[in-house]
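Visitor: One structure, as structure tokens, below. Some questions next.
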Amino acid sequence: MTTIDRATHELEKTFGGRLHLAGSEGFEERAAVTFAGPARTPAAVVRPVDAGEVAAALAVAAEHGLPVAVRAGGHSYARHSVVDGGLVLDLRLMDAVTIDPGTGVGTAQGGVLAGAYTDAAAAYGLASPFGDTGSVGIAGLVLGGGIGFLGRRDGLTVDNLLAAEVVLADGTQVRADAEEHPELFWALRGGGGNFGVVTKLELRLRETPVVTGGMLVLAATPAVVAGALAAASSAPDELSGMINVMKAPPMPFFPPEVHGTPVVMMILCHSGAPADGEAAIAPFRALGTPVADTVAQQPYPALFAGGGPQLAGMFAETRTGFVDLPDEEWAATALGRVLENVPASTVLNLRTMGGAIGRVASDATAFAHRGYGHMLTIASMWPDPAAAASARAWLGGTARDLGLGDAGYVNFMSGAERANVRAAYPEAVLARLARVKGDYDPANVFRSNHNVLPG
């Protein structure tokens, strides 16, 4: 009997029909993740329904020497949600959400997606800050940081995490918060999936009954790009969003003559008083005649509608880092790179920081990059593997020309080399993470991530 046969025998006792083996019916769907990449075929996928079953799966993996990966939304650019020849814990059946308007706390199991939680909270006129895509798993998001439509008002998702329940490598189930396991709680807020399987999260809620938000698209010039970034930096804290510099895709909301031309696509969200929303958006509209404008008062969950599924099967790589306040010269360089003829879809995605994000001390969480003006992600996506070399050359040249520094955002990294880990965490933060890793996962069981080695 082979190792996987012995492991299968043990797993069947707990999971029955919720165990999916390579080559079996339904396996491909259970093992699939959002982005394509080098072949990684797990030996098995299990779908636990509670923390006890997570612990049982980890025990079998340890006994038989199987590497482990954890999957919720499956959006990792580095494809950490799948592991070759190992065991994937697919948490998507752990999808319960409880919203308590009395305490202002939302509770979510480890497989909950951002859109589902946001819909549940919106029923009470409340929200917790996530990113920008409803199909992202919130556990993975919060473990890396979480920057989205409420960031400048409420901070990163990690700043709103109140507690987490975690299954450790030895099967122990612990609660981590400011009082219990405080060092683990610190590490979970930005340190990735290095320390255990998060099976439950408690998140702060804030009243968000309606927002003034949507998409505003302008023809791109250096003045428009620089002006949009300046407007975002000087906006009230209630206004957050992202600014994409890209070629207009052939989408129905763009006139045909705009397709393939450079545009600034802004997704804006003002989460303050509705009466103040239009005034906050006005500086962006003043930059030019809109190509498209869907900004209006609407329920907050509307901003999460769509996005994500159309990326399935695409190869994707990124370069990510931070910039302060780019000027028109920088913007001209950015536009030049976007206009290059590359056999891939390319985009420069900028998310304005500051506000509540910048008021948190840099050592308060494992996400330490607090003092920058904007987070920049340079992304390239392509369906044809033959385009990889050209896309990577474009990524490297663009990162160089735009002055992307050594710091980076772990959730948007497509590489998983030691250099990426060092970019994600300043030296002192990485040393502290290594000590926590040594305390909670000394055998480095959880290494399908941007891996922090035990210290």
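Per the numbering used here, the very first residue in the sequence shown carries number 282; after that it's consecutive.
Even for Gly, the Cβ is constructed at its ideal location relative to N, Cα and C.
(1) Any chance the region 451 to 463 sits against the region 532 to 548, with 3 or more Cβ pairs inside 8 Å?
(2) Which value, in whole angstroms, describes the spacing of the CA atoms of Asp644 and Tyr398?
(3) Got a sec? Which residues, its chain only, sit under 6 Å from Gly589 by beta carbon, not counting five neighbours each side?
(4) Go ahead and pull the three-state DSSP assignment for Ile236.
(5) Exposed or buried, which one is Lys718 when buried takes at least 16 other CB atoms within 10 Å?
(6) Suppose you measure from the CA of Pro735 to the CA of Ala724; what does that come to, to the nearest Å?
(7) Apart from the five residues just before and just after Glu488, which ones in its own chain have a Cβ nearer than 7 Å to its Cβ?
(8) For the beta strand (DSSP E) holding Pro707, just list the boundary residues, first then last.
(9) So does the region 483 to 498 actually touch the region 426 to 446, counting three or more Cβ pairs closer than 8 Å?
(10) Leu685 and Arg600 - do their beta-carbons sit closer together than 8 Å?
(11) Grouping DSSP H, G and I as helix and E and B as strand, with all else coil, what is Phe246?
(12) Please name the residue, chosen from Thr646, Phe693, Gly383, that lies closest to Glu598 on a Cα-to-Cα basis.
(13) By Cβ distance below 8 Å, which residues in the same chain neighbour Asp286 in space, the five residues on each side in sequence not counted?
(14) If we cut at 8 Å on Cβ distances, does Leu714 have a partner in chain D?
(15) Can you round the beta-carbon distance between Ser729 and Val479 to whole angstroms, since I take them to be within the 8 Å contact cut?
(16) Out of Gln579, Phe466, Gly427, Ala688, point me to the one whose CA is closest to Ser357's CA.
(17) Using the three-state DSSP reduction, which class does Asn701 fall into: helix, strand or coil?
(18) Does DSSP put Ser671 in a helix, in a strand, or in coil?
(19) Note down, in chain order, each residue of its chain lying with its Cβ closer than 6 Å to the Cβ of Ala337, except the 5 sequence neighbours on either side.
(20) On a CA-only basis, which of Val326, Ala312, Val327 is nearest Ala320? Give me that one, please.
(21) Which partner residues of Asn630 appear in the DSSP bridge assignment?
(22) Which runs of the alpha helix (DSSP H) fall wholly inside the region 291 to 356 and span at least 4 residues, in chain order?
(23) If we count Cβ pairs, one from each stretch, closer than 8 Å, do we get three or more for the region 607 to 624 versus the region 634 to 652?
(24) So, with DSSP's three-state summary, where would you put Ile380?
(25) Tell me which residues share the same chain as Met634 and place their Cβ nearer than 7 Å to its Cβ, disregarding the 5 neighbours each side in the sequence.
(26) If you compare alpha carbons, which of Tyr690, Val572, Met523 is closest to Pro533?
(27) Would you mind working out which of Gly636, Val378, Leu347 sits nearest Val364, comparing C-alpha positions?
Guide: Looking at the atomic coordinates:
(1) Two segments are said to touch when three or more pairs of C-beta atoms, one from each, lie closer than 8 Å; by this definition the region 451 to 463 does not touch the region 532 to 548.
(2) Note on geometry: alpha-carbon atoms of Asp644 and Tyr398 lie some 28 Å from one another.
(3) Unreliable placement is indicated for Gly589, whose pLDDT of 46 sits below 50; no coordinate value is reported for it.
(4) Look at the range of the chain in this structure, 282 to 736, and you will see that residue 236 is not part of it.
(5) Buried, since its Cβ has 16 or more Cβ neighbours within 10 Å.
(6) Distance between Pro735 and Ala724, taken at the CA atoms: about 8 Å.
(7) Once the five neighbours on either side are set aside, the close Cβ partners of Glu488 are Gly406, Leu407.
(8) Pro707 -> no beta strand (DSSP E), and no H or E assigned at all.
(9) The way I'd put it, the region 483 to 498 does touch the region 426 to 446; three or more beta-carbon pairs between them come closer than 8 Å.
(10) Yes, these two residues count as a Cβ contact at 8 Å.
(11) This structure cannot speak to residue 246, because the chain is shown only from 282 to 736.
(12) Checked all of Thr646, Phe693, Gly383; the closest Cα to Glu598 is Phe693.
(13) Once the five neighbours on either side are set aside, Asp286 has no close Cβ partner at all.
(14) Reference to chain D is not applicable here, since this structure consists of a single protein chain.
(15) Contact doesn't hold; Cβ gap of about 14 Å is too wide.
(16) Distance from the Cα of Ser357 is smallest, within the candidate group Gln579, Phe466, Gly427, Ala688, for Gly427.
(17) The three-state reading of DSSP puts Asn701 in helix, counting H, G and I together.
(18) Looking at Ser671 - three-state DSSP - the assignment turns out to be helix.
(19) For Ala337, the CB contacts under 6 Å within the same chain, skipping 5 residues up- and downstream, are Thr295 in chain order.
(20) Of the listed residues, the one whose Cα sits closest to Ala320 is Ala312.
(21) Answer by DSSP bridge pairing, in chain order: Asn525, Thr658.
(22) Counting whole runs of 4 or more residues, the region 291 to 356 contains the alpha helix (DSSP H) stretches 308 to 312, 332 to 345.
(23) Short answer: they don't touch.
(24) Under the three-state reduction of DSSP, Ile380 is assigned to strand.
(25) If we look at Met634 and ignore the five residues flanking it on each side, its Cβ neighbours are Tyr653, Gly654, His655, Met656.
(26) It is Val572 whose Cα lies nearest to the Cα of Pro533.
(27) Nearest to Val364 by C-alpha distance, out of Gly636, Val378, Leu347, is Leu347.
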